[in-house]
Amino acid sequence: KYPGIRCALFYGPVVAKQPIDAKGSLAQDGYDLIRLSRIHNNANILSLGARFVTDEEALKAVIIWLETEFANEDRHARRIARIAEIERELHG
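In our numbering, the protein residues as written are -19 to 72.
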């Protein structure tokens, strides 16, 4: 873990079998984890599982990830701020 880094890991498109958020929303497609990493966690790095993702899937994932914005809802912003606070405590 590095201070200020929030990394999302993508192993390929998988459609969730259950709701993907607290509101009970169902998956749109196999790239919802990519979207949620930005919307909820404001991930600033995307890691792709090269052995599991085709070139086309990787490109689609990167485009979706770059085009998806952070929701900036209070609950998400508080969580990110708390993580940053803990990082400062641990790393000075």
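Glycine is no exception: its CB is placed at the ideal position from the N, C-alpha and C atoms.
Where Ser27 is concerned, the enclosing beta strand (DSSP E) starts and stops at Ile25 to Leu28. For Ala(-12), no alpha helix (DSSP H) encloses it; the enclosing beta strand (DSSP E) starts and ends at Cys(-13) to Phe(-10).
Annotation: Leu70 to Ile0 spans about 31 Å, alpha carbon to alpha carbon. CA-to-CA, the gap between Cys(-13) and Ile25 works out to about 5 Å. In this structure, the straight-line span from the alpha carbon of Thr34 to that of Ala7 is close to 21 Å. In this structure, the alpha-carbon of Ile(-15) lies about 21 Å from that of Asp12. For a cut-off of 8 Å, the C-beta gap from Ala61 to Ile19 is around 17 Å, too long to register as a contact. The Cβ-Cβ distance between Tyr(-9) and Phe32 falls below 8 Å. A distance below 8 Å between beta-carbons, with the five flanking residues on each side excluded, links Leu16 to the following residues of its chain, in chain order: Ile0 and Asp1.
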